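Numbering (this note's numbering), first residue to last: 6 to 153. C-beta atoms are modelled at their ideal positions from N, C-alpha and C, and glycine is treated no differently. The structure displayed is predicted, hence computed values, not measured ones. Data block below; observations after.
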């Protein structure tokens with residue numbers, strides 16, 4: 006299976022510092038067309054997103070899940086099914102002790118990608134990562150060298 010791994014903030018939705026409210030969610034320009042094109046090319050879609058706002062105490066995991074459910078349902082109504090959405094709530098400088106740690110899932114670490122690859126038998130060699138930050142590219146590169 007080949008997958009297009011997509012970062013969320015700045016790729017799927019317009020960048021909003023620590024986005025966590027449905028009313029602040031807006032798709033990036035041509036996001037829907039881009040997702041449909043990827044699907045038409047045979048890619049499954051997996052979202053991999055750092056969510057440091059949870060570790061920093063700006064919003065809760067419940068807030069994150071509410072927003073995720075909103076956009077997943079909205080995309081499904083437009084014929085776009087996401088294979089999975091993975092997130093990292095950690096940050097080494099977080100104020101919420103539960104989430105304050107260095108982990109293997111926070112990009113640029115490849116943990117989210119490698120877990121998805123194992124869970125869904127994804128061919129990383131035939132997959133792509135689409136992001137808007139260097140840490141996204143680094144996570145994609147690291148996952149290729151560690152996962153194959």
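Report buried or exposed for residue i, applying the criterion of at least 16 other Cβ atoms within 10 angstroms of its Cβ.
i           : result
residue 130 : exposed
residue 83  : exposed
residue 53  : buried
residue 62  : exposed
residue 153 : Only weak support exists for where residue 153 lies, its pLDDT of 47 falling under 50; the coordinates are left without a value.
residue 14  : buried
residue 106 : exposed
residue 46  : exposed
Determine which residues share a DSSP beta bridge with residue i and list them.
i          : result
residue 89 : 51
residue 10 : 51 and 134
residue 18 : 14 and 32
CB residue i to CB residue j, shorter than 7 Å?
i           : j           : result
residue 25  : residue 72  : yes
residue 136 : residue 12  : yes
residue 115 : residue 142 : no
Considering only residues of the same chain and omitting the five flanking positions on each side of residue i, which have a CB-CB separation below 8 Å?
i          : result
residue 77 : 87 and 90
residue 75 : 27 and 30
residue 85 : 37, 40, 41, 44 and 50
Quick one: what's got a C-beta closer than 7 Å to residue i's C-beta in the same chain, skipping five residues either side?
i         : result
residue 6 : 49, 125, 126, 127 and 128
Here's a check: name, in chain order, each residue in its chain whose Cβ is nearer than 6 Å to the Cβ of residue i, leaving out the five neighbours to either side.
i          : result
residue 93 : 55, 110 and 111
Item to check | Contiguous beta strand (DSSP E) assignments of at least 3 residues, all confined to the segment 97-153 | outcome: With a minimum length of 3 residues, the continuous beta strand (DSSP E) runs that stay inside the segment 97-153 are 133-135.
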